[in-house]
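Numbering (our numbering), first residue to last: 10 to 431.
Backbone N, C-alpha and C define an ideal beta-carbon position, used for all residues, glycine too.
In structure tokens:
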């Protein structure tokens, strides 16, 4: 039986969310008659054009360059500040679609340095698709154990705190994931990639073997033969992609699917053989025939260790997808397991006629397995709900500044990003 952790607090949240989710549908008939001719699109920067603005924008034909500050706070990092630069562009061909490349550099009050480079690039009139995720982290993040049953429902323990199961850890992380795929039929791509994950200088802050104080990470590493101070995961992958989205920056219609199978041979010390399957599906469904700004978005992915064992920190976990957008409402890495499935649904709707402001209401669900306790997928499901505001910052690419607030089970979080969640 699926145990969707129930309590009066969360049931009330879902009732409120349900009302918010369906209000936009009732407004469709009232706004469908309004056209872009009556309300030309207008961006935030057409209001604030001062040279000393905190935003730096350089519009170029068929491209858009944006630098925005990063300011925020979450349990995994503390207070965060830095900047993200995003370059959106497309080729000169009429059918060319927009590509995205971004660089983020942030520092936190927990003395963490986070450098991220991401790319989703279409070349040669959409014939070649590149997708990459590079990271260099001087990092710290608590571990919370495996599976989605680590948080009890309120009937079992009304005074439970997530901090009570947190086990702080410091480590350095280097990641290089890059795939190259080639179009073999319309919208269908076949390719492969290289994957490198290196965890070093691992310090398990609560570990005290001499006094019998053991941790999730230490126990897992000892059981499966990993050095708990440093380990590698290196391999190659094969991938199949279908992508009919009209715009990967902010999609109005189309769908995306990806199947990636990773082979991890033993190349270095402190490494074990494994295979990992990653599957992803995104669909964007217009819910109004007259106004394409009403969109129902669906994002689902699953990550499965199909053979062998992978190191603890490389097990599937929320918030560790390419753009670190999954699991809104929960801290990054809270839910981790040998297998993980994630589902998010989002209703996007206009607020202003000139497209400057729009909104979203969303839900997400995650389930993860833990063989140590014989916890299987779907046995426990953790939900979250949220609302968001979108502010248009570029017309051609439809790039939005997004502000989201989400509530999970005994958890909540605030997000500020450029570009849609998915």
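Measuring straight from C-alpha to C-alpha, what distance separates residue 5 and residue 328?
Coverage of the chain is limited to positions 10 through 431, which leaves residue 5 absent and any answer about it impossible.
How many angstroms separate the CA atom of residue 130 from the CA atom of residue 375?
29 Å
Would you grab the beta carbon distance between residue 377 and residue 349 for me? Rounded to a whole angstrom, and I think it's under 8 Å.
4 Å
Uninterrupted alpha helix (DSSP H) stretches inside the stretch 224 to 253 (no shorter than 4 residues):
225 to 233
Just how far apart, CA to CA, sit residue 278 and residue 233?
14 Å
Do you know whose CA, among 156, 261, 78, 395, lies nearest residue 89's CA?
78
Cβ-Cβ distance between residue 51 and residue 259 below 8 Å:
no
Measuring alpha carbon to alpha carbon, tell me which residue in 176, 384, 74, 319 is nearest residue 109.
74
Between the stretch 171 to 185 and the stretch 151 to 160, can you find at least three pairs of beta-carbon atoms closer than 8 Å?
yes
Confirm, please, whether the CB-CB distance from residue 273 to residue 242 is below 8 Å.
yes
Could you tell me whether any Cβ in chain B is nearer than 8 Å to the Cβ of residue 224?
Chain labels in this structure do not include chain B; a single protein chain is all it has.
Which residues in the same chain have their Cβ closer than 6 Å to the Cβ of residue 237, if we skip the five residues on either side of it in sequence?
227, 230
Within its chain, find whatever has a CB closer than 6 Å to the CB of residue 206; leave out the 5 residues flanking it on each side and keep chain order.
184, 242, 323
Distance check for residue 48 and residue 312, CA to CA, integer angstroms please.
44 Å
By DSSP, does residue 55 sit in helix, in strand, or in coil?
helix
Contact set for residue 18: own chain, Cβ-Cβ below 8 Å, skip 5 residues either direction:
Because residue 18 carries a pLDDT of 47, less than 50, the predicted location of this residue cannot be relied on, and the following value inherits that uncertainty. Same-chain partners within the cutoff: 163.
Bounding residues of the beta strand (DSSP E) (the contiguous stretch that carries residue 178)
178 to 194
Note down the Cα distance separating residue 165 from residue 344, rounded to an integer number of angstroms.
19 Å
Tell me whether residue 222 is buried or exposed, calling it buried when 16 or more other Cβ atoms sit within 10 Å of its Cβ.
exposed
Could you check the C-alpha separation between residue 263 and residue 105 for me, to the nearest Å?
15 Å
Residue 135 to residue 276, Cα distance in whole Å?
35 Å
Suppose the cutoff is 6 Å on Cβ atoms and the five residues either side in sequence are ignored; what does the same chain contact list for residue 301 look like?
261, 295
What separation, rounded to the nearest whole angstrom, lies between the Cα atoms of residue 406 and residue 388?
41 Å
8 Å Cβ cutoff met for residue 71 and residue 99:
yes
With distances taken between CB atoms, is the gap from residue 256 to residue 269 smaller than 8 Å?
no
Buried or exposed, going by whether 16 or more other CB atoms sit within 10 Å of the CB of residue 370?
buried
Straight-line CA distance for residue 119 to residue 193?
47 Å
Leaving aside the five residues before and after residue 189 along the sequence, list all residues of the same chain whose C-beta is less than 8 Å from its C-beta, in chain order.
137, 138, 139, 200, 201, 202
Of the choices 80, 209, 336, whose alpha-carbon is the least far from that of residue 147?
209
Paired residues, beta bridge with residue 301 - DSSP:
DSSP lists no partner for residue 301.
Please name the residue or residues paired with residue 114 in a DSSP beta bridge.
92, 124
For residue 337, is the classification buried or exposed, using 16 other Cβ atoms within 10 angstroms of its Cβ as the cut-off for buried?
buried
Do you know how far the Cα of residue 314 is from the Cα of residue 224?
22 Å
Residues in its own chain within less than 6 Å of residue 288 by CB, not counting five upstream and five downstream?
268, 311
Three-state class that DSSP yields for residue 294 in the structure shown:
strand
Helix, strand or coil at residue 107 according to DSSP, with G and I counted as helix:
coil
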